Each structure stands twice: as C-alpha cells, then as structure tokens.
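Going down the list, the protein sequences come from chains A and B.
Just so you know, we're using numbering that gives the first Met the number 0 here: the first sequence kicks off at 0 and counts up by one.
Just so you know, we're using numbering that gives the first Met the number 0 here: the second sequence kicks off at 0 and counts up by one.
Don't be surprised by glycine CBs; every beta carbon is placed ideally from N, CA and C.
Please read these numbers as outputs of a predicted model, since none were measured by experiment.
There are 2 protein chains.
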Amino acid sequence: MARHDHQLHEGESLKSAARERLTQQGEQWTGMRAAVFDALANFEKPASAYDIAEAVSRTEGRRVAANSVYRILDLFVGANLARRVESANAYVANQHPECLHDCIFLICDSCGQAVHIDDDALSASIRKAAASAGFSAPRPVIEVRGTCGECDDD
Amino acid sequence: MARHDHQLHEGESLKSAARERLTQQGEQWTGMRAAVFDALANFEKPASAYDIAEAVSRTEGRRVAANSVYRILDLFVGANLARRVESANAYVANQHPECLHDCIFLICDSCGQAVHIDDDALSASIRKAAASAGFSAPRPVIEVRGTCGECDDD
DNA sequence: TCACCTATGATATATTGTATCGCCGTTCCA
DNA sequence: TGGAACGGCGATACAATATATCATAGGTGA
Chain A
0 MARHDHQLHE GESLKSAARE RLTQQGEQWT GMRAAVFDAL ANFEKPASAY
50 DIAEAVSRTE GRRVAANSVY RILDLFVGAN LARRVESANA YVANQHPECL
100 HDCIFLICDS CGQAVHIDDD ALSASIRKAA ASAGFSAPRP VIEVRGTCGE
150 CDDD
Chain B
0 MARHDHQLHE GESLKSAARE RLTQQGEQWT GMRAAVFDAL ANFEKPASAY
50 DIAEAVSRTE GRRVAANSVY RILDLFVGAN LARRVESANA YVANQHPECL
100 HDCIFLICDS CGQAVHIDDD ALSASIRKAA ASAGFSAPRP VIEVRGTCGE
150 CDDD
C-alpha cells in the first residue's frame with residue numbers, strides 16, 4: 000500500500016497552516032473565515048453548514064446566516080482546507096491542507112464519526128478506471144458507511 | 000481487472016426482473032411501486048425523488064406526494080432494485096437487481112449522465128482498507144465526478 | 001364481524017442549498 | 001482627493017431535499 004508522509008496539524012498549528020495556504024492562493028484570511036475554520040476544526044464529527052453557522056453565531060455573539068457559511072466552506076473546499084462528505088451533507092477540516100489527495104472517508108452510521116484515510120494506489124486505480132471509461136477531470140468521491148470499532152463493541 | 004457476466008435487463012425484462020426480486024423478498028409489487036419503478040427506469044439520468052414524484056403524478060393523473068416516493072425508493076434501494084447516487088441526491092434503477100455489487104458511478108458534471116461500472120477487485124480493496132481500520136458492515140460509496148466523453152468533445 | 005397488518009395519502013415540518021441585492025471598507029488611479 | 005471598482009459579507013427570500021405523524025383504505029385471518 001503506497002503511502003507517504005504528511006505534515007499533520009492540529010489546533011493552532013492547523014489554523015496557521017490553513018491561513019498560510021489560503022493567503023498563498025491570493026485569498027484573504029478574514030475574521031469571519033477564521034471563525035468558520037475554528038468552528039469546523041473544533042467539531043469532532045462532520046458538521047453541516049447549519050451546525051457551523053450556529054457555532055459561529057455563538058462564538059461571535061451575533062446571528063450568522065447559513066449562506067455566508069456556505070460561501071466560505073466552498074472557498075475552503077476549493078483551497079483544500081476542508082472536505083465535503085457527500086454521503087453526510089457535511090464538512091470536515093482537512094488535517095494537511097498543503098498536500099492533495101483523493102481521500103477515503105469511513106463514516107460510522109452509529110456515532111457519526113468520520114475517519115479519513117489516504118491510499119494513493121487505490122485512488123489511482125479509480126481514476127484509471129474512470130479515465131478508461133472516457134471520463135476526464137475526475138474527482139473521486141470515496142466514502143464507506145459502516146460501523147466503527149468503538150460502536151462495534153457495544 | 001476482475002469482472003463477471005451479468006444478466007443485463009432493459010424495458011419489460013428489467014421490470015419483471017425487479018418484480019420478481021421484490022416479491023422474492025416477501026414484499027408486494029403494487030401498482031404504485033410499479034409506477035415508481037417505471038418512472039425511475041425511464042429517466043436516462045439519475046432522478047431525484049421529486050422528479051419521480053412529478054413523473055408518477057403525470058402518468059397516474061393525480062397528485063403523488065414525495066414522501067410516498069421516498070418510502071418506495073428506500074424499499075427499492077434495500078432490495079437492490081435501485082441505487083442512490085449520494086453526490087447527486089438522486090436515484091437510478093439497477094440494471095441487474097439479482098446480483099450484488101459495490102458499484103462505481105461516473106457522473107458527468109456537464110450533462111448529468113451517470114454511467115455505472117463494476118470492479119470487484121477495486122471495491123474489495125476498499126472494503127479491505129475499511130476493515131483494517133476497524134470498520135464493520137462496510138457499504139462503500141464510490142462515485143467519480145468529472146466530464147464524460149460526449150461532453151468533452153464540445 | 002372484528003382485530004390486525006401493510007400500503008398509501010395528507011399534511012406539516014425539518015434540513016440543506018442558492019439567488020439576489022445592498023452595504024461597507026479598501027485600493028487604486030485620474 | 002474624489003470616486004469608481006472590487007471583494008467580503010449581511011439580509012432576505014426562496015428552492016430543493018428529506019422526514020415525521022397521523023389518518024384511511026383494503027386485505028387477511030380468527
């Protein structure tokens with residue numbers, strides 16, 4: 000299984016990596032964006048845009064509308080600071096925004112937790128299968144629904 | 000690449016294969032279910048529950064509510080008569096309801112068409128990766144967004 | 001006949017996602 | 001220095017997707 004090393008971030012380190020990445024893309028790191036990123040990173044599970052809007056509303060002490068959050072999440076996904084979990088209509092912070100991967104999410108139907116693994120060989124074969132079917136600009140969505148080890152013990 | 004032969008159905012053949020499969024599961028093949036299946040199978044692209052509700056409303060000449068369609072679609076997905084395309088919030092009829100596969104959808108961002116390929120070796124490695132991360136009862140969701148050959152020519 | 005079960009209808013509501021418009025602050029240039 | 005241009009965001013409305021709840025209708029078996 001092909002793997003490679005990552006610079007894994009958390010907390011302040013993740014935040015500054017995100018800021019750096021975004022500004023390198025020519026985008027601004029505004030207060031609102033920082034607040035959305037904080038909220039996203041502080042969730043321990045994939046969070047919906049509305050979850051995030053609520054969280055930011057609390058921390059900011061004012062009403063923040065979902066559409067603003069959507070705008071920022073779209074920006075984040077485009078800049079690789081966040082990922083969308085399609086089968087959960089939710090978002091997670093990307094722990095290593097500086098490197099590109101097709102990532103695989105394992106989502107527990109019981110507790111909602113999502114773990115994220117990379118397997119470049121696997122995603123390469125998916126891209127290859129897509130290419131041989133005439134698909135270009137492939138962006139794989141690879142998610143596995145199931146039961147995580149924790150919940151399985153119950 | 001591991002493949003195997005399918006009984007591929009279309010039109011009436013598909014419909015009767017679906018009916019047989021469903022009744023074998025101990026479920027009824029009602030008029031409403033037949034109408035939903037027809038509508039689903041007649042779309043050439045993944046269709047949302049609301050699309051299907053509209054189509055059935057037309058063919059039945061009366062208002063059919065979305066919740067009824069959802070119920071039936073859930074039943075169909077559970078019985079392998081239909082698949083849900085997560086990244087499109089939509090459904091497609093399964094062309095070979097009698098055999099189980101983890102299937103891979105290639106969805107064109109331009110025209111909305113979805114093609115469906117099976118690659119048992121590929122899905123086996125995804126299941127394996129999930130299992131080695133402690134996941135049980137894995138149900139892979141493998142979709143690739145991109146541009147299909149047709150749309151690429153433009 | 002009556003109790004029960006399944007399928008569906010009717011209705012309401014929750015959740016997720018977009019579109020549009022306007023304001024405000026910054027930049028930058030004539 | 002005025003002011004056009006632009007980016008970010010708020011406000012609002014709305015569209016699209018999904019679920020919850022209760023009612024009804026029809027069959028089936030005691």
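Going by CA-CA distance only, name the one from the options that's closest to residue i.
i: B:Arg144; options: A:Arg144, A:Glu53, A:Pro137; result: A:Pro137
i: A:Ser86; options: A:Asp108, A:Ile71, A:Asn66, A:Leu121; result: A:Asp108
i: B:Arg83; options: B:Asp119, B:Ala48, B:Ala132; result: B:Ala48
i: B:Ala132; options: A:Val63, A:Gly60, A:Ile106, A:Val140; result: A:Ile106
i: B:Arg61; options: B:Leu72, B:Ala34, B:Ala40; result: B:Ala34
i: A:Cys150; options: B:Ser135, B:Val140, B:Ile141, B:Asp152; result: B:Ser135
i: A:Gly158; options: B:Pro96, B:Ala129, B:Arg18; result: With chain A covering only 0 through 153, there is no way to say anything about residue 158 of chain A.
i: B:Tyr90; options: B:Arg57, B:Lys127, B:Ala52; result: B:Ala52
i: A:Glu142; options: A:Pro45, A:Asp50, A:Arg57; result: A:Pro45
i: B:Ser67; options: B:Ser124, B:Gln24, B:Thr29; result: B:Thr29
i: B:Cys198; options: B:Gly77, B:Gln27, B:Ser124; result: The structure shown has nothing for residue 198 of chain B, since chain B only spans 0 to 153.
i: A:Ala81; options: A:Asn41, A:Arg57, A:Cys110, A:Ser56; result: A:Asn41
For residue i and residue j, I'd like the C-alpha separation in whole angstroms.
i: A:Met31; j: A:Ala38; result: 11 Å
i: B:Gln112; j: B:Ser122; result: 22 Å
i: B:Ala54; j: B:His100; result: 28 Å
i: B:Leu74; j: B:Leu13; result: 17 Å
i: A:Asp59; j: A:Ile71; result: The question names Asp, yet the displayed sequence has Glu at residue 59 of chain A. Approximately 16 Å, taken between the alpha carbons.
i: A:Pro139; j: B:His8; result: 28 Å
i: A:Ala15; j: B:Asn79; result: The amino acid at residue 15 of chain A is misidentified as Ala; the sequence shows Ser. In a straight line, the C-alpha of A:Ser15 is about 46 Å away from that of B:Asn79.
i: B:Tyr69; j: B:Asp50; result: 11 Å
i: A:Arg126; j: A:Ala120; result: 10 Å
Would you decide whether residue i is buried or exposed? Buried here means 16 or more other CB atoms lie within 10 Å of its CB.
i: A:Thr146; result: buried
i: B:Val102; result: Reading the sequence as shown, one finds Cys at residue 102 of chain B and not Val. Buried, since its Cβ has 16 or more Cβ neighbours within 10 Å.
i: B:Ala64; result: exposed
i: A:Asp118; result: buried
i: B:Asn88; result: exposed
i: B:Glu19; result: exposed
i: A:Asn93; result: buried
Run through DSSP, which three-state label would residue i get?
i: A:Asp108; result: coil
i: A:Ser12; result: helix
i: A:Cys102; result: strand
i: A:Ala1; result: The predicted position of A:Ala1 is uncertain, since its pLDDT is 40 and thus under 50; no value can be drawn from it.
i: A:Ala209; result: Outside the shown range of chain A (0 to 153) lies residue 209 of chain A, about which nothing can therefore be said.
For this session: Check distances from the C-beta atoms of the stretch 104-122 of chain A to those of chain B and list, in chain order, the residues that come in under 7 Å.
Result: Of all residues in the stretch 104-122 of chain A, Leu105, Val114, Ile116, Asp118, Leu121 have a Cβ within less than 7 Å of some Cβ in chain B.
Problem set entry | Under 8 Å (Cβ pairs) to chain B, residues found in the stretch 128-148 of chain A | Answer set for the stretch 128-148 of chain A: Ala128, Ala129, Ala132, Gly133, Phe134, Ser135, Ala136, Pro137, Arg138, Pro139, Val140, Ile141, Glu142, Val143, Arg144, Gly145, Thr146, Cys147, Gly148.
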